[in-house]
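Numbering (the working numbering), first residue to last: 2 to 388.
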Amino acid sequence: VTNSPFSLYIHFPFCRKKCPYCDFATDAVARIPQETYLEAVLMELDYWAYQPHWRSRPLHSIFFGGGTPSLLHSKSIDRIINVACRSFPPLRSIEITLEANPGALSEESLQGFSNAGINRLSLGAQSFSPRILKRLGRDHEAHDTPTAVSLAKKVGICNLSIDLLYGCPDQSIDDFHYDLTTALSLAPKHLSLYSLTLEKGTPFFQAFERGDLALPNEDLHLEMIELSDILLKEAGYHRYEISSYALAHFESQHNSSYWRGTEYLGIGPGAHSFCRAPTGNEGTRWANKVSLAEYWTDVALNGKSIAWQEFLSPQKMMSEFFLLGLRRIEGVSLSTFEQLFHQSPHTVFGDTFNELISLALITINGDRVQLTPKGLLFSDTVGQKFM
Ligand code: SF4
Numbered sequence: 002v003t004n005s006p007f008s009l010y011i012h013f014p015f016c017r018k019k020c021p022y023c024d025f026a027t028d029a030v031a032r033i034p035q036e037t038y039l040e041a042v043l044m045e046l047d048y049w050a051y052q053p054h055w056r057s058r059p060l061h062s063i064f065f066g067g068g069t070p071s072l073l074h075s076k077s078i079d080r081i082i083n084v085a086c087r088s089f090p091p092l093r094s095i096e097i098t099l100e101a102n103p104g105a106l107s108e109e110s111l112q113g114f115s116n117a118g119i120n121r122l123s124l125g126a127q128s129f130s131p132r133i134l135k136r137l138g139r140d141h142e143a144h145d146t147p148t149a150v151s152l153a154k155k156v157g158i159c160n161l162s163i164d165l166l167y168g169c170p171d172q173s174i175d176d177f178h179y180d181l182t183t184a185l186s187l188a189p190k191h192l193s194l195y196s197l198t199l200e201k202g203t204p205f206f207q208a209f210e211r212g213d214l215a216l217p218n219e220d221l222h223l224e225m226i227e228l229s230d231i232l233l234k235e236a237g238y239h240r241y242e243i244s245s246y247a248l249a250h251f252e253s254q255h256n257s258s259y260w261r262g263t264e265y266l267g268i269g270p271g272a273h274s275f276c277r278a279p280t281g282n283e284g285t286r287w288a289n290k291v292s293l294a295e296y297w298t299d300v301a302l303n304g305k306s307i308a309w310q311e312f313l314s315p316q317k318m319m320s321e322f323f324l325l326g327l328r329r330i331e332g333v334s335l336s337t338f339e340q341l342f343h344q345s346p347h348t349v350f351g352d353t354f355n356e357l358i359s360l361a362l363i364t365i366n367g368d369r370v371q372l373t374p375k376g377l378l379f380s381d382t383v384g385q386k387f388m
């Protein structure tokens, strides 16, 4: 069993309202079962804290994701962080992020989060245009994000990230230009830009199938990506992952750990976990049950609630090494692959490399494999080639 640091993910599966494009494991509820949720999460944390694989391992980062975890009482967040840091010694530099809906924050709640130890806030702004926010079915207003930013700074949370969506229905290049410049005027340390994707089963997907949803065409989509690259670069942000831009030293520690293949423990309904075998080249991934009722019952009985788990063979781990690692702009190191898997990457993936190089999707410079600018646009296709 290794003693390397790992990342902790806490899933909060509730929102005030379900957005019509979202397929995350979340429920829109009028009343959040705060106590039930907290009790179950603490029990699950306690269970894993005593498992030999995780016991007393140092904690690299904590991420409260969802859902809308900013709806969780700050006292509950305080309890969870306390229990986590008592079980797993936190690194001095630990990053503790809370995802937040800008419309559901007050100075009081932010002060509570800050006191609890939250030192990074990820704001789901999505857009600053009232028309686009309405079209996206969001339940916050355009002015909520600037208000949340100034309140967060006031209570001392200065490491702020803003999420924006592009490729939204009826969104023009001017709309997106406005979103980017408004976000930059708030001087966040980090920006995540996500392209709206149509997920099967969502109201947006159905509307698109019926022909009732006008999405930007491919050219406009590309124009939006180019625009963000130019404006963010000019403002001093560097792109370090397909969707992520940061000022120097403000890359997301937690998300970067996923792309580097660090182990993570997911707590809460629907959370995913990943651990490596001691050899490092095999692993296991599992997901918790999504329904809070089932999760609660299982955790009360057994301390855990696993819906499925899969063994990751060396072959699968080799594929994921490239699938995840190539998301980072700096790419992956061929010698690291060789140290981990005791095989030459050229022997395993030589044909894939040749095909992707001939399509101008990747480059190999010495030890590094990286996506090309074209590869960044077609990263899903590149990833599939390694699977
Ligand atoms: S707020 Fe986020 S998690 Fe909740 S429904 Fe909307 S997109 Fe999904």
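Using N, Cα and C, we set each Cβ at its ideal position, and we do this for glycine too.
Distance CB(residue i)-CB(residue j) smaller than 7 Å
i                : j             : result
glycine 163      : alanine 126   : The amino acid at residue 163 is misidentified as glycine; the sequence shows isoleucine. A contact, by the Cβ cut-off of 7 Å.
histidine 54     : leucine 92    : no
arginine 277     : glutamate 264 : yes
phenylalanine 13 : serine 75     : no
valine 300       : glutamate 36  : no
glycine 367      : tyrosine 10   : no
leucine 165      : serine 244    : no
isoleucine 82    : glycine 118   : yes
asparagine 256   : alanine 272   : no
tryptophan 260   : arginine 369  : no
glycine 384      : leucine 362   : no
methionine 225   : tyrosine 179  : no
threonine 203    : tyrosine 22   : yes
lysine 154       : leucine 248   : no
proline 170      : alanine 215   : yes
serine 151       : leucine 181   : no
alanine 149      : leucine 185   : no
leucine 192      : tyrosine 246  : yes
serine 8         : serine 345    : no
lysine 18        : aspartate 213 : no
Residue-chain proximity (residue i, chain D), Cβ-Cβ < 7 Å
i             : result
glutamate 252 : Judged by its chain identifiers, the structure shown contains no chain D, having just a single protein chain.
Best match in the options for proximity to residue i [C-alpha to C-alpha]
i                 : options                        : result
threonine 406     : His222, Ser107, Gln112         : For the chain, the structure presents residues 2 to 388; residue 406 sits outside this window and is missing.
phenylalanine 323 : Ala301, His347, Phe7           : His347
glutamine 254     : Thr183, Gly68, Thr37, Arg121   : Arg121
phenylalanine 1   : Gly237, Phe354, Gly138, Gly376 : No answer is possible for residue 1: the residues shown for the chain start at 2 and end at 388.
proline 315       : Val150, Gly284, Ala215, Ile174 : Gly284
valine 291        : Ser5, Ala143, Phe25, Tyr10     : Phe25
proline 90        : Glu109, Ala50, Ile226, Ile119  : Ala50
glycine 262       : Gly271, Gly269, Gly281         : Gly281
tyrosine 241      : His144, Gly138, Gly332, His178 : Gly332
glycine 269       : Lys317, Pro59, Gly67, Val30    : Gly67
phenylalanine 65  : Pro59, Arg17, Ile78            : Ile78
proline 6         : Arg56, Leu192, Glu224          : Arg56
serine 196        : Asp213, Glu227, Asp28          : Glu227
leucine 232       : Thr183, Phe379, Thr3, Ser336   : Thr183
valine 30         : Asn4, Tyr22, Leu72             : Leu72
phenylalanine 205 : Pro279, Ile158, Gly138         : Gly138
arginine 58       : Thr69, Cys86, Tyr246, Pro34    : Cys86
threonine 3       : Phe209, Pro279, Ala249         : Pro279
glutamine 52      : Asn218, Phe350, Lys305, Ala208 : Lys305
glutamate 210     : Lys201, Asn218, Gly157         : Lys201
proline 34        : Asp47, Cys16, Phe350           : Cys16
isoleucine 158    : Tyr48, Asn116, Ser258          : Asn116
leucine 378       : Ile365, Leu360, Met388         : Leu360
leucine 341       : Glu321, Glu356, Leu357, Asp352 : Glu321
tyrosine 411      : Ile358, Leu313, Val84          : Residue 411 falls outside the range modelled here, since the chain spans only 2 to 388, and no answer is possible.
threonine 317     : Phe387, Glu142, Thr27, Val156  : Per the sequence shown, residue 317 should be read as lysine rather than threonine. Lysine 317 has its Cα closest to that of Phe387, out of Phe387, Glu142, Thr27, Val156.
Buried/exposed call for residue i, threshold 16 Cβ in 10 Å
i                 : result
glutamine 310     : exposed
histidine 144     : exposed
proline 103       : buried
glycine 326       : buried
methionine 319    : buried
leucine 302       : exposed
histidine 343     : exposed
threonine 382     : exposed
serine 128        : buried
isoleucine 63     : buried
phenylalanine 354 : buried
isoleucine 307    : exposed
proline 217       : buried
proline 70        : buried
phenylalanine 275 : buried
serine 130        : buried
phenylalanine 338 : buried
asparagine 350    : Going by the sequence as given, residue 350 is phenylalanine instead of asparagine. So phenylalanine 350 counts as buried.
Check: residue i C-beta below 6 Å from any heavy atom of the ligand SAH
i         : result
serine 94 : No copy of the ligand SAH occurs in the structure displayed; its ligands are the ligand SF4 alone.
Review point. Between the region 128-139 and the region 83-100, do at least 3 Cβ pairs fall closer than 8 Å?
Key: no
Assess, as a yes-or-no matter, whether the region 41-51 is touched by the region 294-308 under the definition of 3 or more beta carbon pairs within less than 8 Å. yes
Self-check item: the region 167-183 touching the region 100-111, judged by at least three CB pairs closer than 8 Å
Solution: no
The ligand SF4 site residues, beta-carbon cut 5 Å against heavy atoms | Cys16, Lys19, Cys20, Cys23, Phe25, Thr27
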